[in-house]
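K.L.:
I'd like to ask some things about the structure below.
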Amino acid sequence: MIESIQQFDVELFLKIHRGLSNSFFDWLMPLMRNRFFWSPLYLFIIVFCIKQYKKQGYYIIGMVLFTFAMGDLIASRVVKPWVSRVRPCNDLTLANDIIHRVPCGSGLSFPSAHATNHFAIAVFLICVFYSRWKPILPIGLFWAFIISFAQVYVGVHYPVDVTTGALLGITIGFICSRIFKKLQPDF
């Protein structure tokens with residue numbers, strides 16, 4: 004069973020990593036996974052929350068940081084060392100199939116911390132702001148999805164890594180939003 008899942012995962016990885024290869028994605032996907040590319044968005048969220056919601060805005064930003072920290076801690080410090088899955092770009096059996104679009108890194112692959120962290124933040128913000136601004140649902144999910152997809156496209160994660168990271172992040176984001184709403188019931 005595990006072997007058939009891994010085989011499916013590798014085949015799907017290669018369909019995305021090699022099969023969707025094109026010059027536009029080769030330019031776009033490394034940007035989508037780059038934290039500096041998203042810095043203006045992060046700055047906007049901070050300024051918007053503080054300007055629009057004053058003291059509660061600081062609590063929102065604090066909980067976004069807590070959500071990120073929990074996602075990163077659980078994915079990178081708990082699950083990754085336990086599973087110890089090698090990244091596809093470091094897998095010797097895929098050495099001839101990898102297109103090096105970004106530096107691979109020496110870290111482990113499962114789950115994707117990028118997917119965990121971004122889905123956690125997106126779901127937290129969706130749960131907090133959805134009643135006030137409905138478009139946050141598709142925008143937040145698309146944002147987290149494109150970052151996760153980029154991880155597979157550039158070759159640093161398998162599809163199961165980002166899918167599991169997304170599910171973990173969704174859970175963490177939802178739990179953190181519940182904590183926020185308990186601490187800030189008037190929001």
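Numbering (this note's numbering), first residue to last: 4 to 190.
Glycine residues also receive a C-beta, built at the ideal position from the N, C-alpha and C atoms.
In this text, all values refer to a predicted model and were calculated from it rather than measured experimentally.
Taking only three categories from DSSP, how would you classify Val67?
P.N.:
As a first step, residue 67 is located in the sequence shown; it is residue number 64 there, counting from the start. Looking at Val67 - three-state DSSP - the assignment turns out to be helix.
K.L.:
Could you please give me the residues that DSSP links to Val89 through a beta bridge?
P.N.:
Within the sequence shown, the letter at position 86 stands for residue 89. BP columns for Val89 point to Leu111.
K.L.:
Rounded to the nearest angstrom, what separates Pro114 and Ile175 at their Cα positions?
P.N.:
In the sequence shown, the residue the question calls residue 114 occupies position 111. In the sequence shown, the residue the question calls residue 175 occupies position 172. Distance between the alpha carbons of Pro114 and Ile175 is about 14 Å.
K.L.:
Which stretch, first to last residue, makes up the alpha helix (DSSP H) that contains His117?
P.N.:
The count along the sequence shown starts at 1 and reaches residue 117 at position 114. Start and end: Ala116 to Phe132.
K.L.:
For Asp100, collect the residues of the same chain with a Cβ closer than 8 Å to its Cβ; drop the 5 residues on either side in sequence, then sort them by chain order.
P.N.:
Walking along the sequence shown from the start, residue 100 turns up at place 97. Closer than 8 Å at the Cβ level, and outside the excluded window around Asp100, lie Leu17, His20 and Arg21.
K.L.:
On the three-pair Cβ rule with 8 Å, is the stretch 101-113 touching the stretch 143-161?
P.N.:
The stretch 101-113 is in contact with the stretch 143-161.
K.L.:
With a threshold of 7 Å on Cβ separation, who are the neighbours of Ser79 within its own chain once the five nearest residues in sequence on each side are excluded?
P.N.:
By 1-based counting over the sequence shown, the position of residue 79 is 76. The answer, listed in chain order, is Ala116.
K.L.:
Please name the residue, chosen from Val13, Ile149, Val126 and Val165, that lies closest to Ala202 on a Cα-to-Cα basis.
P.N.:
Given a span of 4 to 190 for the chain in the structure shown, any question on residue 202 remains unanswerable.
K.L.:
Excluding the 5 residues flanking Asp75 on each side, which residues of the same chain have their C-beta closer than 8 Å to its C-beta?
P.N.:
By one-based count along the sequence shown, residue 75 stands at place 72. Ala116, Thr119 and Asn120.
K.L.:
Kindly give me the distance between the Cβ atoms of Met35 and Cys179, rounded to whole angstroms, as I take these residues to be in contact under 8 Å.
P.N.:
As a first step, residue 35 is located in the sequence shown; it is residue number 32 there, counting from the start. As a first step, residue 179 is located in the sequence shown; it is residue number 176 there, counting from the start. Contact doesn't hold; Cβ gap of about 24 Å is too wide.
K.L.:
Just to check my reading of the structure: Leu140 and Ile129 have Cβ atoms closer than 8 Å, yes? What is that Cβ distance to the nearest angstrom?
P.N.:
Locating residue 140 in the sequence shown gives position 137, where the first residue counts as 1. Locating residue 129 in the sequence shown gives position 126, where the first residue counts as 1. Contact flag correct, Cβ pair sits at about 6 Å.
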